[in-house]
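Line by line, the protein sequences are chains A and B.
According to the numbering used here, the stretch in the first sequence is residues 348 to 664, in order.
According to the numbering used here, the stretch in the second sequence is residues 143 to 439, in order.
For reference, the structure discussed in these notes is given below.
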Amino acid sequence: MREKIVSPRGLILAGVILVVLAFWPALATRYYTYLVALILVTGLLASSLNMVLGFGGMYQFNHAVFYGAGAYAAALLTVRGGLNPWWGYLLGPLVAAALSLVMGIICVRLSKLYFGMLQISLGSLVWAIVFRWYSFTGGDDGMHGVPVPGLIGSIDGAYWFTLIVTVVSLAVMYLIVNSPFGRVFQGIRDNPERAEAVGVNVMRHQLIGLVIAGFFGGVAGTLFVTVEGSVFPDMMFWTLSLEILIMCLLGGWFTFLGPMLGAAIIVILRTVVGIYTDYWTLVLGIILMLLIFFLPDGVLGYFTALFGRKRAGGEES
Amino acid sequence: MEIASHITLAALGQQVLVGLSRTTILFIVSSGLSLILGVLRIPNISHGSLYMIGAFFTYSVASFVGGSAGFWVALVLAPIAVGLLSLLVERGIFCHLYEREHLMLLLFTFSLMLVLGDLVKLTYGSDYRSLAAPVMLQGSFSLGNLPFPRYNAFLLLVGPLVAFGLWFLTNKTKIGKIARAAAVDREMVAAMGINVSWVFAFVFCIGCLLAGLGGALVAPTQNITQGMDHAIVMECFLIVIIGGLGNMWGALLGALIFGLTSSIGILVWPQFAIVFPYVAVVIVLLLRPKGLLKSTW
């Protein structure tokens with residue numbers, strides 16, 4: 348919602364988190380640096396999905412495709428196109444945004460659930476092509492050892508790059524959500540008929556929203572290439588799309604930073620659970636079931652409600 | 143490209159027949175999905191898991207009973223077991239969620255898929271299983287000058303039977319008519335004193351039973367593996383979408399398009415065979431965004 352982090356307490360908390368994050372590589376081992384970088388990337392991905400899901404009310408079920416598209420575009424431009432990796436980082440998100448636009452044009456006329464199902468199906472088409480095109484995309488093995496610019500080649504460099512890009516992206520998204528466009532977008536979510544009646548071009552706004560979400564999904568994809576140096580088709584698989592959706596839900600999809608929190612919880616849990624058992628999806632499934640029953644507004648939504656800070660308008664769905 | 147040169151008429155005929163058998167499986171599974179979508183309005187993502195459970199269960203029963211009889215016993219038991227499992231889930235958890243929005247319902251079926259997938263892995267491990275068809279369905283006979291596997295012929299017999307049974311159930315029986323009415327206007331049906339909740343449970347159970355049947359039927363034709371749920375559920379969604387949501391004949395039409403494009407695609411360009419059906423789907427949707435046949439939505 349129009350939740351603003353302007354309270355002094357919020358500012359101090361955000362400042363402390365930022366300072367800790369900035370000095371994190373100095374405090375932690377390589378592995379934990381890598382882990383936090385992964386959390387940032389996944390969090391950015393979840394936040395970009397939440398642009399359309401939480402703020403636009405659009406059931407976007409194939410968001411991982413844009414993550415993969417950004418990553419693959421960056422990797423392919425560098426490896427097959429022979430471009431400087433920086434160009435890949437610049438163009439990857441644009442490719443993802445373009446893909447989002449094309450798929451959006453096909454799907455945007457349809458009602459919520461139908462829209463989501465069609466999106467997920469089209470996403471599967473893209474996935475199938477990437478999965479099978481061995482000579483170009485590397486097929487089911489993906490591509491490994493994708494060159495990364497020397498400046499950010501080390502894990503610390505990659506981490507700082509990820510941190511800066513994530514914070515800037517979040518800031519831009521925050522401005523978009525609170526811009527006149529963002530408010531119209533949320534108006535469409537709350538009541539599309541009313542928006543249409545007051546002369547808003549609903550489809551155009553939804554398409555713009557999809558393009559923005561696709562763009563930042565692509566940014567997250569390029570960051571993943573920076574951190575991992577590889578891409579693989581699972582990044583686009585529809586189950587990942589729904590996992591990202593769970594992150595939004597878990598953190599609180601009517602809040603701005605909820606998806607970030609949800610992503611952090613899921614990534615950390617997966618790491619911890621992975622130490623003890625191979626059955627992560629079982630655990631994830633149970634978490635999701637509990638979430639649906641007990642925390643439909645997510646962790647952040649729950650706590651804001653608990654402390655009575657929940658604004659009117661956060662209730663409708 | 144020497145695409146056309148190696149395609150003989152015989153090979154084409156063979157692939158069409160194979161494609162039609164695949165169509166049967168896809169139709170059976172997606173008609174169940176379509177039924178649930180049409181009446182309950184929920185894309186049941188766990189549908190593929192139930193199909194997978196049907197296949198694994200068939201393997202277990204068939205190897206427990208042994209011999210040719212094993213498969214036939216399993217063919218009857220597997221759909222029933224899957225149906226009962228789904229009924230348990232529906233009555234136990236799912237029915238408490240109907241008041242929630244669709245997103246929550248959909249995510250619940252996704253969580254079910256995650257849980258069921260790992261439960262199968264816990265039970266059977268990560269190895270794949272394979273099951274031989276019963277003796278009387280092994281080998282092939284010649285159709286003109288085409289060799290045609292007996293099992294595929296059997297599938298081609300089962301498909302129309304299931305289609306007829308489903309048509310009969312939804313059009314000629316009382317509960318079928320109630321279910322169709324509930325799909326259009328559930329408040330009205332409830333106002334007439336009918337317990338809509340149990341109608342939903344029945345429809346959900348029948349739909350899942352069809353997934354189990356599909357899994358049982360597919361068991362002798364391919365490896366039974368972890369991950370077979372992921373592939374089939376997405377294919378079935380596409381079939382249901384291009385056919386028209388909730389329309390059984392649409393599911394048949396979609397399954398035909400899907401089965402034939404992928405089997406003929408193997409002849410044309412083997413590497414991208416799995417892409418052909420998806421391309422067909424995009425073409426259909428660009429021409430008819432709401433599917434080929436009338437949707438019940």
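Beta carbons: idealized from backbone N, C-alpha and C, even for Gly.
For clarity, every value in this text was computed on a predicted model and none was experimentally measured.
What does the Cβ neighbour count give for residue i, buried or exposed, with the cut at 16 atoms within 10 Å?
i, result
"Tyr378/A", "exposed"
"Val515/A", "exposed"
"Val277/B", "exposed"
"Arg430/B", "exposed"
"Arg456/A", "exposed"
"Gln553/A", "buried"
"Gly209/B", "exposed"
"Gly660/A", "In this predicted model, Gly660/A has a pLDDT of only 44, less than 50, meaning its place in the structure is not dependable; the value taken from the coordinates is given anyway. By the neighbour-count rule (16 or more Cβ atoms within 10 Å), Gly660/A is not buried but exposed."
"Thr380/A", "buried"
"Phe641/A", "exposed"
"Gln470/B", "As shown, chain B starts at 143 and ends at 439. That puts residue 470/B outside it, with no answer to give."
"Tyr623/A", "exposed"
"Ala191/B", "Here residue 191/B turns out to be Ser, not Ala, going by the sequence shown. Buried."
"Thr376/A", "exposed"
"Arg541/A", "exposed"
"Gly267/B", "exposed"
"Gly645/A", "buried"
"Leu498/A", "exposed"
Taking residue i and residue j to be in contact with their CB atoms under 8 Å, please state how far apart those CB atoms are, rounded to whole angstroms.
i, j, result
"Phe571/A", "Val388/A", "5 Å"
"Ser447/A", "Val558/A", "5 Å"
"Tyr506/A", "Leu264/B", "About 37 Å; that fails the 8 Å criterion."
"Gly534/A", "Gly599/A", "Not a contact, Cβ separation roughly 20 Å."
"Leu597/A", "Leu629/A", "In fact, because the Cβ distance is near 17 Å, the residues do not count as touching under 8 Å."
"Leu385/A", "Val614/A", "6 Å"
Please decide whether residue i counts as near chain A, where near means a Cβ-Cβ distance under 8 Å.
i, result
"Ser405/B", "no"
"Gln368/B", "no"
"Phe199/B", "no"
"Met376/B", "yes"
"Pro302/B", "no"
"Asp327/B", "no"
"Leu264/B", "yes"
"Phe252/B", "yes"
"Gly161/B", "no"
"Tyr420/B", "yes"
"His189/B", "no"
"Asp260/B", "yes"
"Ile383/B", "yes"
"Ile425/B", "no"
Skipping 5 residues on each side, what residues in its chain have a beta carbon closer than 7 Å to that of residue i?
i, result
"Ala373/A", "none"
"Glu543/A", "Val549"
"Val360/B", "Ile167 and Ala197"
"Val231/B", "Leu254"
"Asn294/B", "Leu159, Val160 and Ser163"
"Pro289/B", "Ser282"
"Gly621/A", "Trp627"
"Glu144/B", "Note that Glu144/B scores a pLDDT of 45, beneath 50, so its modelled location is shaky and nothing firm can be said."
Quick one: what's got a C-beta closer than 6 Å to residue i's C-beta in the same chain, skipping five residues either side?
i, result
"Arg271/B", "Tyr201 and Ile366"
"Leu311/B", "Gly318"
Would you verify that the beta carbon of residue i is, or is not, closer than 8 Å to some beta carbon of chain B?
i, result
"Ile453/A", "yes"
"Gly598/A", "no"
"Leu635/A", "yes"
"Tyr626/A", "yes"
"Arg456/A", "yes"
"Leu587/A", "no"
"Leu469/A", "yes"
"Arg427/A", "no"
"Gly632/A", "yes"
"Leu392/A", "no"
"Pro670/A", "Shown here, chain A extends from 348 to 664; a query on residue 670/A therefore has no answer."
So with CB distances below 8 Å, who are the chain C contacts of residue i?
i, result
"Ile336/B", "Included in the structure are the protein chains A and B, with no chain C among them."
Going by beta carbon distance, what residues of the same chain come within less than 8 Å of residue i, once the five residues before and after it are set aside?
i, result
"Trp309/B", "Met390"
"Val547/A", "Val531, Gly534 and Ile535"
> Given 8 Å as the limit, is there contact between the stretch 523-534 of chain A and the stretch 607-620 of chain A, that is, 3 or more CB pairs closer than that?
Replying inline: no
> Three or more C-beta pairs closer than 8 Å, one from the stretch 371-384 of chain B and one from the stretch 392-403 of chain B: is that the case here?
Replying inline: yes
>> For the structure I just gave you, are there three or more beta carbon pairs, one from the stretch 186-197 of chain B and one from the stretch 245-261 of chain B, closer than 8 Å?
In response: yes
>> Across the stretch 348-366 of chain B and the stretch 161-176 of chain B, are there enough close Cβ pairs to call them in contact, namely three or more that are closer than 8 Å?
In response: yes
>> Assess contact between the stretch 468-483 of chain A and the stretch 405-425 of chain A, defined as three or more Cβ pairs (one per stretch) separated by less than 8 Å. Is contact present?
In response: yes
>> Does the structure place the stretch 416-426 of chain A close enough to the stretch 471-486 of chain A that three or more beta carbon pairs sit under 8 Å?
In response: The answer is yes - the stretch 416-426 of chain A touches the stretch 471-486 of chain A, with three or more Cβ pairs under 8 Å.
>> Count Cβ pairs between the stretch 562-581 of chain A and the stretch 428-445 of chain A that sit closer than 8 Å; are there 3 or more?
In response: yes
> Would you call the stretch 356-366 of chain A and the stretch 579-595 of chain A in contact, with 3 or more CB pairs under 8 Å?
Replying inline: no
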